[in-house]
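Remarks on the structure that follows.
In the UniProt record's numbering, the protein residues as written are 1 to 295.
Below you can see the structure in the form of C-alpha cells.
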C-alpha cells in the first residue's frame, strides 16, 4: 500500500513523515520535490511557489500552457527557483555529445533524428497515464516530452512543422504513438518518434553535422548500455573514422540533475530545465495536439 511505501522510504532514508501536504509546507523547507499524477501537479506546485519555497517538479510539470505561464510568473513574483525533471540532459552520453557539438569540430548541426519508446505492460490501458483527464495526454507528454527537451537542448528554440498522432494498439483515449518534426530559425530540423508500441525498449538520438555524426543509444538497464558513437568524416569523404564511448556506470542522471538544481538555488547558472523551458515545452505540445485534432 501507499502507507507501507511511505514507511519504508522514510525509514530507509531517515525522512520525516507528514500526514498532509499543508503540514509539510508549514515546516518551511528550502525546497519541495513534487511527483504525482499530472492533473494534480499545477495546484500543488502553485501552493509551493506561493509559500516562497523552491520547487522541483517531475515532467510534464503541468498539463497546458496556461498553467505553465502562471507558475513561471508566480516564480518571478515570489523569487523562487523552479526546476523541471528532465534528467536526460544529465545522461553522460548526452553531456559528452553537447561538449563535442559546442567545440564546433563537427561544424553546425544539420538535423536530428530520434526514436524513443517501450512496449507498455499488461493492463497499462487501465492506468492513470491512459486516462486523458488525469494525464493530460499520452506518449507525447510521456517520452515525447524528453525528445522535445533534448531537441531544444541542442538546437535552441524550435517550432513544430509537422505532426502525426495515432492510437494504434492500446485501448485508450490517449495517443500511443507520435511522429513529429521540429525546426529552429536557421533551418536545422528534428525528426522525432515516441512510441508505446516499441516492443523492445529503445532510445536512439542522432545528431547530423557538417563534418560528422553523433549517435547516442541506450539509457542503461532495459534500454541497453548507454553509448555515444562519433562518426567523423574525412576530407575526402568515404567511410568515416568511428570512435565509441561507453557509459556502463550506474545511472546518476537524477542525482546530478537535483544537484544542479540545488546549485541554481544558490546562484550558480547551469543547464537544468526551468519554468521558462516548461512554457516552451507546452507550447509545442499544444501545437501538436491542435494540428492532429487531439486537443
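The C-beta atom is built at its ideal place from N, Cα and C for all residues, glycine as well.
Would you mind sorting residue i into buried or exposed? The rule is 16 or more other CB atoms within 10 Å of its CB.
i	result
residue 269	exposed
residue 235	exposed
residue 11	exposed
residue 107	exposed
residue 239	exposed
residue 304	Since the first residue of the chain shown is 1 and the last is 295, residue 304 is not available in this structure.
residue 175	buried
residue 277	buried
residue 35	exposed
residue 73	exposed
Is residue i helix, strand or coil when you go by DSSP?
i	result
residue 81	coil
residue 14	coil
residue 54	strand
residue 272	coil
residue 33	strand
residue 241	strand
residue 298	Since the displayed the chain opens at 1 and closes at 295, residue 298 lies outside it and no answer follows.
residue 247	strand
residue 284	helix
residue 258	helix
residue 63	coil
residue 217	strand
residue 4	helix
residue 73	helix
residue 222	helix
residue 43	helix
Tell me, please, whether the CB atom of residue i is closer than 9 Å to any CB atom in chain D?
i	result
residue 194	Absence of chain D from the displayed structure is noted, only one protein chain being present.
Taking the beta strand (DSSP E) that residue i falls in, what are its first and last residues?
i	result
residue 227	226-232
If you follow the alpha helix (DSSP H) that residue i is in, where does it begin and where does it stop?
i	result
residue 23	21-26
Length at least 4, wholly inside the UniProt domain "GFO/IDH/MocA-like oxidoreductase" (95-214): the alpha helix (DSSP H) runs in chain order:
132-135, 139-142, 144-155
Below 8 Å, how does it come out for the segment 213-230 and the segment 187-197: are there three or more Cβ pairs, yes or no?
no
Cβ pair count under 8 Å reaching 3, the segment 117-136 against the segment 68-76:
no
Would you call the segment 152-161 and the segment 176-190 in contact, with 3 or more CB pairs under 8 Å?
yes
Cβ contact check for the segment 74-86 and the segment 47-66: 3 or more pairs under 8 Å:
yes
Is the number of C-beta pairs between the segment 135-155 and the segment 96-116 that are closer than 8 Å three or more?
yes
Check whether the segment 86-99 and the segment 239-252 are in contact - that is, three or more C-beta pairs closer than 8 Å.
yes
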